[in-house]
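Chains R and H, in that order, are what the protein sequence lines are. Here the numbering used here is used: the first residue of the first sequence is 1, the next is one more, and so on. Here the numbering used here is used: the first residue of the second sequence is 433, the next is one more, and so on. Every residue gets a Cβ at the ideal spot worked out from N, C-alpha and C, and that includes glycine.
There are 2 protein chains.
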Amino acid sequence: MSTIELQPVKGTRDFYPEDLRARTWLFAQWREVARQFGYEEYDVCVLEHVDLYIRKAGDEITSQLYEFKDKGDRHVALRPEMTPSLARLVLAKGAAMALPLRWFSLPQCFRYEQAQKGRKREHYQWNMDIIGLPGVAGEAELMAAQVAFLRRTGLNLEPGTPDIVWKVSNRQVIQFFLEGLGITGETFAAVCVVIDKRDKIGNEATVIELGKLGVGIEAADKIIDLLNTTGLEQAAAKVPADNPGLIALKELLALAEAAGFAHLIKIDLSVIRGLSYYTGTVWEVFDATGAMPRAIAGGGRYDKLMETFGGQPTPMVGFGFGDVVILEILSERGLLPTFSRGIDDVVFPMGPPEFAVATRVATFLRTQGRAVTVDYSGKRFKAVIERAEKDGAKRLLILGSNEVRDGVCVVRTLGGTERKEEKVPLKDLGVG
Amino acid sequence: MSTIELQPVKGTRDFYPEDLRARTWLFAQWREVARQFGYEEYDVCVLEHVDLYIRKAGDEITSQLYEFKDKGDRHVALRPEMTPSLARLVLAKGAAMALPLRWFSLPQCFRYEQAQKGRKREHYQWNMDIIGLPGVAGEAELMAAQVAFLRRTGLNLEPGTPDIVWKVSNRQVIQFFLEGLGITGETFAAVCVVIDKRDKIGNEATVIELGKLGVGIEAADKIIDLLNTTGLEQAAAKVPADNPGLIALKELLALAEAAGFAHLIKIDLSVIRGLSYYTGTVWEVFDATGAMPRAIAGGGRYDKLMETFGGQPTPMVGFGFGDVVILEILSERGLLPTFSRGIDDVVFPMGPPEFAVATRVATFLRTQGRAVTVDYSGKRFKAVIERAEKDGAKRLLILGSNEVRDGVCVVRTLGGTERKEEKVPLKDLGVG
Numbered sequence: 001m002s003t004i005e006l007q008p009v010k011g012t013r014d015f016y017p018e019d020l021r022a023r024t025w026l027f028a029q030w031r032e033v034a035r036q037f038g039y040e041e042y043d044v045c046v047l048e049h050v051d052l053y054i055r056k057a058g059d060e061i062t063s064q065l066y067e068f069k070d071k072g073d074r075h076v077a078l079r080p081e082m083t084p085s086l087a088r089l090v091l092a093k094g095a096a097m098a099l100p101l102r103w104f105s106l107p108q109c110f111r112y113e114q115a116q117k118g119r120k121r122e123h124y125q126w127n128m129d130i131i132g133l134p135g136v137a138g139e140a141e142l143m144a145a146q147v148a149f150l151r152r153t154g155l156n157l158e159p160g161t162p163d164i165v166w167k168v169s170n171r172q173v174i175q176f177f178l179e180g181l182g183i184t185g186e187t188f189a190a191v192c193v194v195i196d197k198r199d200k201i202g203n204e205a206t207v208i209e210l211g212k213l214g215v216g217i218e219a220a221d222k223i224i225d226l227l228n229t230t231g232l233e234q235a236a237a238k239v240p241a242d243n244p245g246l247i248a249l250k251e252l253l254a255l256a257e258a259a260g261f262a263h264l265i266k267i268d269l270s271v272i273r274g275l276s277y278y279t280g281t282v283w284e285v286f287d288a289t290g291a292m293p294r295a296i297a298g299g300g301r302y303d304k305l306m307e308t309f310g311g312q313p314t315p316m317v318g319f320g321f322g323d324v325v326i327l328e329i330l331s332e333r334g335l336l337p338t339f340s341r342g343i344d345d346v347v348f349p350m351g352p353p354e355f356a357v358a359t360r361v362a363t364f365l366r367t368q369g370r371a372v373t374v375d376y377s378g379k380r381f382k383a384v385i386e387r388a389e390k391d392g393a394k395r396l397l398i399l400g401s402n403e404v405r406d407g408v409c410v411v412r413t414l415g416g417t418e419r420k421e422e423k424v425p426l427k428d429l430g431v432g
Numbered sequence: 433m434s435t436i437e438l439q440p441v442k443g444t445r446d447f448y449p450e451d452l453r454a455r456t457w458l459f460a461q462w463r464e465v466a467r468q469f470g471y472e473e474y475d476v477c478v479l480e481h482v483d484l485y486i487r488k489a490g491d492e493i494t495s496q497l498y499e500f501k502d503k504g505d506r507h508v509a510l511r512p513e514m515t516p517s518l519a520r521l522v523l524a525k526g527a528a529m530a531l532p533l534r535w536f537s538l539p540q541c542f543r544y545e546q547a548q549k550g551r552k553r554e555h556y557q558w559n560m561d562i563i564g565l566p567g568v569a570g571e572a573e574l575m576a577a578q579v580a581f582l583r584r585t586g587l588n589l590e591p592g593t594p595d596i597v598w599k600v601s602n603r604q605v606i607q608f609f610l611e612g613l614g615i616t617g618e619t620f621a622a623v624c625v626v627i628d629k630r631d632k633i634g635n636e637a638t639v640i641e642l643g644k645l646g647v648g649i650e651a652a653d654k655i656i657d658l659l660n661t662t663g664l665e666q667a668a669a670k671v672p673a674d675n676p677g678l679i680a681l682k683e684l685l686a687l688a689e690a691a692g693f694a695h696l697i698k699i700d701l702s703v704i705r706g707l708s709y710y711t712g713t714v715w716e717v718f719d720a721t722g723a724m725p726r727a728i729a730g731g732g733r734y735d736k737l738m739e740t741f742g743g744q745p746t747p748m749v750g751f752g753f754g755d756v757v758i759l760e761i762l763s764e765r766g767l768l769p770t771f772s773r774g775i776d777d778v779v780f781p782m783g784p785p786e787f788a789v790a791t792r793v794a795t796f797l798r799t800q801g802r803a804v805t806v807d808y809s810g811k812r813f814k815a816v817i818e819r820a821e822k823d824g825a826k827r828l829l830i831l832g833s834n835e836v837r838d839g840v841c842v843v844r845t846l847g848g849t850e851r852k853e854e855k856v857p858l859k860d861l862g863v864g
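1) Given this structure, state the Cα-to-Cα distance separating H/Cys541 from H/Gly706, to the nearest angstrom.
2) Give me the residue from H/Asp561, H/Arg603, H/Ser809, H/Gly766 with the minimum Cα distance to H/Met514.
3) May I ask you to list, following chain order, the residues of the region 475-494 of chain H that have a beta carbon less than 8 Å from some beta carbon of chain R?
4) In the structure shown, what three-state DSSP assignment does R/Leu89 receive?
5) Taking only beta-carbon atoms, is H/Ile697 less than 8 Å away from chain R?
6) Are the beta-carbon atoms of R/Ile4 and H/Arg520 separated by less than 8 Å?
7) Among residues of its own chain, excluding the 5 on either side of H/Thr805, which ones have a beta-carbon nearer than 7 Å to its beta-carbon?
8) Where H/Ile749 and R/Gly416 are concerned, what is the direct C-alpha to C-alpha distance, given to the nearest angstrom?
9) Roughly how far, in whole angstroms, is the beta-carbon of R/Ala144 from the beta-carbon of H/Thr740, given that I think they are within contact range, below 8 Å?
10) Grab the span of the beta strand (DSSP E) containing H/Phe500 for me, first residue to last.
11) Listed in chain order, which residues of the region 279-302 of chain R have Cβ atoms closer than 7 Å to some Cβ of chain H?
12) How about the region 17-36 of chain R and the region 141-158 of chain R: do they share at least three Cβ pairs that are nearer than 8 Å?
13) Since R/Arg21 and R/Phe339 are thought to touch, with beta carbons under 8 Å apart, how far apart are those beta carbons, to the nearest angstrom?
14) At a Cβ threshold of 8 Å, is R/Ser169 touching chain H?
15) For my contact list, H/Val441 and R/His49 are in at a C-beta cut-off of 8 Å; report their separation, rounded to the angstrom.
16) What is the DSSP secondary structure of R/Lys136, reduced to helix, strand or coil?
17) Going by DSSP, which residues form a beta bridge with R/Arg395?
18) For H/Asn602, list the residues DSSP reports as bridge partners.
19) Considering R/Gly154, what are the terminal residues of the alpha helix (DSSP H) in which it resides?
20) Residues of chain R with a CB under 8 Å from the CB of H/Pro449: which are they?
21) Could you tell me how far apart the beta carbons of H/Phe447 and R/Tyr42 are, in whole angstroms, since I believe they sit closer than 8 Å?
22) Going along the chain, which residues of its own chain have a beta-carbon closer than 6 Å to the beta-carbon of R/Gly231, five neighbours each way excluded?
23) Which bits of chain H does R/Leu6 rub up against, with CB to CB less than 8 Å?
24) Check the Cβ-Cβ distances between R/Ala144 and every residue of chain H, and say whether any is below 8 Å.
25) In whole angstroms, what is the alpha-carbon distance linking R/Gly298 and R/Arg341?
26) Can you tell me whether H/Pro418 is buried or exposed, with buried defined as 16 or more other CB within 10 angstroms of its CB?
27) Determine the DSSP secondary structure at R/Asp287, reduced to helix, strand or coil.
28) Pick out whichever of R/Arg74, R/Tyr66, R/Glu386, R/Pro313 has its Cα sitting closest to the Cα of H/Gly504.
29) Please determine, among R/Glu32, R/Ala241, R/Pro353, R/Gly135, the residue with the shortest C-alpha to C-alpha distance to R/Ser401.
30) Is it buried or exposed, R/Ile223, if we count other Cβ atoms within 10 angstroms and call 16 or more buried?
31) May I ask you to report which of helix, strand or coil DSSP gives R/Pro313?
32) Kindly list, in the order they appear in chain H, the residues whose Cβ is closer than 7 Å to that of R/Ile343.
33) R/Val9 versus chain H: which residues are under 9 Å apart at the beta carbon?
34) Determine the chain H residues that contact R/Leu26 at a beta-carbon separation under 8 Å, and present them in chain order.
35) Can you name the residues of chain H whose CB is closer than 9 Å to the CB of R/Leu246?
36) Report the neighbours of R/Ser331 on chain H: residues whose CB is nearer than 9 Å to its CB, in chain order.
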């Protein structure tokens with residue numbers, strides 16, 4: 001019986017080597033796409049001051065902070081999202097930075113909520129943001145990066161029945177409509193946070209929540225009706241032709257057409273996003289089959305965040321792309337690559353007298369760039385071969401006392417059906 | 433004036449892109465060396481149960497825990513080191529895992545201590561460990577990996593006046609000596625923790641601290657005298673020839689000789705390591721010039737840790753290699769590579785009507801594996817070129833209304849002294 005708790009802290013994950021390989025692969029894809037799009041990676045500490053996340057609109061994310069007071073009585077949190085840290089970095093350098101910036105990051109993010117079955121309290125997230133670029137060219141570029149990544153994974157994004165759909169809306173469309181109902185400013189942001197939850201809590205509860213914000217039943221019904229709007233034409237029918245949100249949606253579709261992914265976009269006004277700071281385009285990426293109800297990724301424009309932090313008005317747009325949902329989807333569809341340990345050679349000294357020469361051989365092979373491990377176990381030959389094959393090694397280099405005396409090494413090729421061995425002079429393996 | 437705190441949480445670091453590049457490079461070196469040695473990467477969450485770090489011996493690391501109670505009243509900490517988490521992982525799987533394991537990790541580790549000038553509260557650490565291999569072949573292999581990494585950085589490790597030294601001791605030597613003074617068991621571990629601090633606190637304070645553990649002044653003086661022992665011969669004079677620690681040091685030197693780094697090892701009994709769980713070989717890696725007093729890395733054998741956690745006796749050995757000291761050393765010696773943003777092409781649409789075709793061109797170039805950014809700024813030509821050159825781009829692809837009308841793109845080579853431009857048909861750039 002162990003005297004320590006063997007499980008990780010509730011809601012957090014252990015990554016054994018066989019688990020970590022998928023994450024490492026995923027991160028490499030994300031970094032490669034970010035590189036192709038010319039984005040620079042940044043990072044901050046997982047600990048941040050809680051002030052960064054204090055908002056009046058009641059965002060769910062900030063009501064579930066993994067927060068605490070440190071020994072110096074600082075009120076800190078394990079970050080729930082990266083965007084406020086990004087804004088802090090940009091604000092701290094101020095005019096010293098030439099905009100626009102194209103930055104990305106792969107932060108681990110935390111939330112603390114009452115346990116729900118299978119819900120974790122941490123996940124990793126691919127963040128890409130453009131700072132200082134107004135206009136939907138930014139949105140189109142970010143979506144193109146998401147498309148490029150998902151194409152790399154082997155998912156089908158061709159016209160016809162693609163695997164993935166981008167549901168896109170614009171808060172300025174919603175905003176115009178709500179202004180007509182007398183809902184503005186802070187109340188607008190709070191209403192957005194509430195109606196974002198409609199899918200989860202249902203229409204009835206949404207109406208009640210809206211009532212708490214002072215929205216009458218009639219207005220609430222109209223809002224819910226608006227959320228059922230899909231397609232550019234229906235959206236266009238709800239607002240004047242010069243509505244900036246509507247214009248942005250049209251421009252976005254044109255750029256997506258040029259970039260070859262317009263067929264993946266569905267205008268859908270039910271997409272709101274739960275973060276109160278979004279001001280323009282908002283989007284969520286879904287499994288098109290509906291088999292996976294949770295969003296794969298989400299993004300949006302947040303042109304006012306910098307001002308609420310006391311900075312100059314700065315157009316910003318970005319997305320977050322979690323590790324959990326996409327890995328589930330890829331795993332279910334058999335699209336995860338087969339990962340191996342990547343060992344090239346196992347050197348096997350048959351006893352301690354051969355350890356030194358085995359070390360020499362291994363050192364030499366590593367300078368050739370090969371991945372080499374030495375089996376010091378002194379186990380029987382069969383067990384050594386089994387372990388080497390299990391580890392995916394391509395060759396076993398055998399060093400017994402006879403071999404060393406004769407100045408050779410027996411090199412056996414592993415993995416094949418027939419036994420292939422050759423004697424290689426030790427001087428060709430860096431010895432002597 | 434900003435309304436948020438612009439600084440990161442006290443003692444933590446921001447990594448702007450220009451800062452992160454060095455860390456990314458460092459991590460890539462560490463991962464490559466780990467790969468060459470056949471180690472598998474693992475990871476756990478930065479949050480762990482505090483129980484993992486509770487030790488009776490008064491380890492400094494556990495007296496400086498960045499700890500707190502979470503909302504569920506769990507006593508948790510931001511990990512101060514990775515080894516206990518590693519042991520937890522291995523213990524949780526038990527006999528299901530075929531030993532030995534060769535694992536590595538690149539965790540961020542935290543400590544909370546009263547502020548000292550320039551001391552950070554977090555750092556990253558390269559950890560490599562072998563689980564299930566008794567005998568110093570493990571130590572030799574791990575040191576060889578450290579050597580391989582430091583060689584890659586361009587530091588001089590050749591015989592003569594190498595830049596780096598490995599100071600090596602073995603706790604079984606110290607243990608034999610202390611047993612002679614009646615110091616055993618838990619007290620031995622606590623004494624190790626105290627005498628590890630001698631360099632920092634001086635001989636006098638060490639004697640006082642030892643007194644608190646019940647060690648008399650005469651014995652304390654003898655211990656301090658022992659710590660001044662350097663070289664294998666002097667160490668051999670302190671213990672019987674069959675002392676297992678002494679034998680291990682001799683074997684280690686023989687294997688280091690075979691691996692080509694024996695000239696870098698100095699036997700030095702003042703090396704103790706501040707972690708109470710070490711049981712055998714202990715080592716610290718230093719700047720040989722002494723210009724950098726802090727250790728670059730440290731490691732050791734901890735064959736009893738698994739038992740104190742309630743598991744089966746399991747030989748374990750490993751090292752931790754921090755990011756801060758090595759990057760300082762490499763930076764001071766001019767050994768850090770020059771990092772660039774790595775952008776290949778900047779596509780410049782001269783106005784919004786060209787955004788769509790620019791998107792097409794960028795999309796095409798990215799499918800060729802090139803790193804491409806689009807400059808949507810609409811700025812003057814000079815500013816666009818300056819920004820592209822500042823970003824390290826090799827080519828600027830110019831798309832004005834005339835070019836698009838004529839079905840061409842002006843491609844200018846950047847960075848040279850003379851202006852080199854050519855007109856490339858748009859159909860060769862994926863358009864039309």
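For this structure:
1) 16 Å
2) H/Asp561
3) Asp475, Val476, Cys477, Val478, Leu479, Glu480, His481, Asp483, Leu484
4) helix
5) no
6) yes
7) Ile775, Val778
8) In the sequence on display, residue 749 of chain H carries Val and not Ile. If you take the alpha carbons of H/Val749 and R/Gly416, they lie about 34 Å apart.
9) Not a contact, Cβ separation roughly 54 Å.
10) 498-501
11) none
12) yes
13) 4 Å
14) no
15) 6 Å
16) The sequence given here places Val at residue 136 of chain R; Lys does not occur at that position. Coil.
17) R/Asp345, R/Thr413
18) H/Thr713
19) R/Gly154 -> no alpha helix (DSSP H), and no H or E assigned at all.
20) Glu40, Glu41, Tyr42, Trp103
21) 6 Å
22) Ile267
23) Arg520, Leu523, Ala524
24) yes
25) 33 Å
26) A query on residue 418 of chain H cannot be resolved here, the shown segment of chain H reaching from 433 to 864 and no further.
27) strand
28) R/Tyr66
29) R/Pro353
30) buried
31) coil
32) Gly470
33) Cys477, Leu479, Glu480, His481, Asp502, Arg506, Val508
34) Ordered by position in chain H, no residue passes the 8 Å Cβ test against R/Leu26, which lies about 13 Å from the chain.
35) What R/Leu246 touches in chain H: nothing, since even the nearest Cβ is about 17 Å away.
36) Ordered by position in chain H, no residue passes the 9 Å Cβ test against R/Ser331, which lies about 18 Å from the chain.
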